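Mapped onto the numbering used here, the consecutive letters of the sequence shown carry residue numbers 383 to 591. Note that CB positions come from ideal geometry on N, CA and C, so glycine has one too. Values in this document were obtained by computation on a predicted structure and should not be read as measured data.
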Amino acid sequence: MKGLLVSGFATIGAGSAAMLTLHAESDLDPMHSVISEYAFQAAGWLLPASLTLFAVGSALFAEALRRAGASRWAVALLLAWGASMFLIGAFPTDRPGVPLSLSGGIHRYAAFAAFVVMPVAGLLLARARIRYARAVRVLSGLALGALVLVVVPYVVRMFGVPLTNDQIPAGLTQRAVVITELGVLALTGLSMLKPSARHARAGSAAVLA
């Protein structure tokens, strides 16, 4: 299982590096520009590459969870998050001002699915009292709170209120969801790593004290 975890961290790390590189080489405002818009930049190919790497990392952690005897629901939700990440990258969003296309619709609903399932998976794992359960629970709660802020503008627009991303920090709230969910994923992987002998002895000493 250690090989799965190491490979998972490697792919997530590579995906994060690709995402940071994409942001560094783009001239968009991360406060107002959503991540999907970076696909239209010169280095836009890094976006699907990054999301695919996240998907692979999630699948590797899901398999490690399965082997560790975790809840089937938690495993399925991690796989669903990974599948959603892949779909987000495979089906790019539409350019601003263009009517919603099939690709744009798949992209939008896959993103919403991803934003929902990871916090739920985190809460399930925290309930099972995995290592770092408290941190996982906090990050899952923050992800759900940020998701509400992401969804509100879409609901407002449904009622005919003209609201653009330039008027709200849409990029900030979306990135808050992504970062907290990657944090949940990373802590899930860390929870399955065996503590070193040094930390195990320290824990035993603390209990005896």
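In the DSSP assignment, find the alpha helix (DSSP H) that holds Q556 and state where it starts and stops. Residue mapping note: residue 556 aligns to position 174 of the sequence shown, counting from 1. First-last of the alpha helix (DSSP H) with Q556: A552 to S573.
Rounded to the nearest angstrom, what separates Y514 and P481 at their Cα positions? For the purposes of this step, residue 514 is taken as the residue at position 132 of the sequence shown. For the purposes of this step, residue 481 is taken as the residue at position 99 of the sequence shown. Y514 and P481 have their C-alpha atoms spaced approximately 44 Å apart.
Tell me whether the segment 482 to 490 and the segment 513 to 529 touch, counting them as touching only if at least three CB pairs, one residue from each stretch, are closer than 8 Å. A contact between stretches requires three or more CB pairs, one per stretch, nearer than 8 Å, and the segment 482 to 490 fails this requirement with the segment 513 to 529.
Just tell me which of A446, D409, P474 and S466 has its CA closest to the CA of T570. By 1-based counting over the sequence shown, the position of residue 570 is 188. The residue among A446, D409, P474 and S466 with its C-alpha nearest the C-alpha of T570 is A446.
If we ignore side chains and look at the alpha-carbon of each, how far apart do A493 and I470 end up? Your numbering for residue 493 matches position 111 in the sequence shown. Your numbering for residue 470 matches position 88 in the sequence shown. For A493 and I470, the distance between alpha carbons rounds to 6 Å.
Have a look at L460, A568, S483 and A452 and flag the residue whose alpha-carbon is nearest the alpha-carbon of R509. Here residue 509 refers to the residue found at position 127 when the sequence shown is read from its first residue. The shortest CA-to-CA distance from R509 to any of L460, A568, S483 and A452 is the one to A452.
Cα-Cα separation between A437 and S466, rounded to whole angstroms: Translated into the one-based positions of the sequence shown, residue 437 becomes position 55. Translated into the one-based positions of the sequence shown, residue 466 becomes position 84. Between the C-alpha atoms of A437 and S466 there is a straight-line separation of about 8 Å.
What does the alpha-carbon distance come out to for the pair V520 and A444? Working through the sequence shown from its first residue, we reach residue 520 at position 138. Working through the sequence shown from its first residue, we reach residue 444 at position 62. So the two alpha carbons sit approximately 21 Å from each other.
Please determine if the segment 550 to 557 and the segment 410 to 424 are in contact, where contact requires at least 3 C-beta pairs separated by less than 8 Å. Flag = yes, the segment 550 to 557 and the segment 410 to 424 touch.
Taking buried to mean at least 16 other C-beta atoms within 10 Å of its own C-beta, is W463 buried or exposed? Along the sequence shown, read from residue 1 onward, the residue named residue 463 stands at position 81. Buried is the call here.
Look at the alpha carbon of M383 and the alpha carbon of V566, and state the distance between them as a whole number of angstroms. For this step, residue 383 is matched to residue 1 along the sequence shown. For this step, residue 566 is matched to residue 184 along the sequence shown. Approximately 19 Å, taken between the alpha carbons.
Do V559 and F468 come within 7 Å of each other at the CB atom, strictly closer than that value? For the purposes of this step, residue 468 is identified with residue 86 of the sequence shown, where counting begins at 1. For the purposes of this step, residue 559 is identified with residue 177 of the sequence shown, where counting begins at 1. With respect to the 7 Å criterion, F468 and V559 are not classified as neighbours on the basis of their beta carbons.
Leaving out the 5 sequence neighbours to the left and right, which residues in its chain are closer than 7 Å to A472 when beta-carbon positions are compared? Sequence index remark: in the sequence shown, residue 472 carries index 90 (1-based). The residues are P430.
Determine the DSSP secondary structure at A399, reduced to helix, strand or coil. Taking the first residue of the sequence shown as 1, we reach residue 399 at position 17. Looking at A399 - three-state DSSP - the assignment turns out to be helix.
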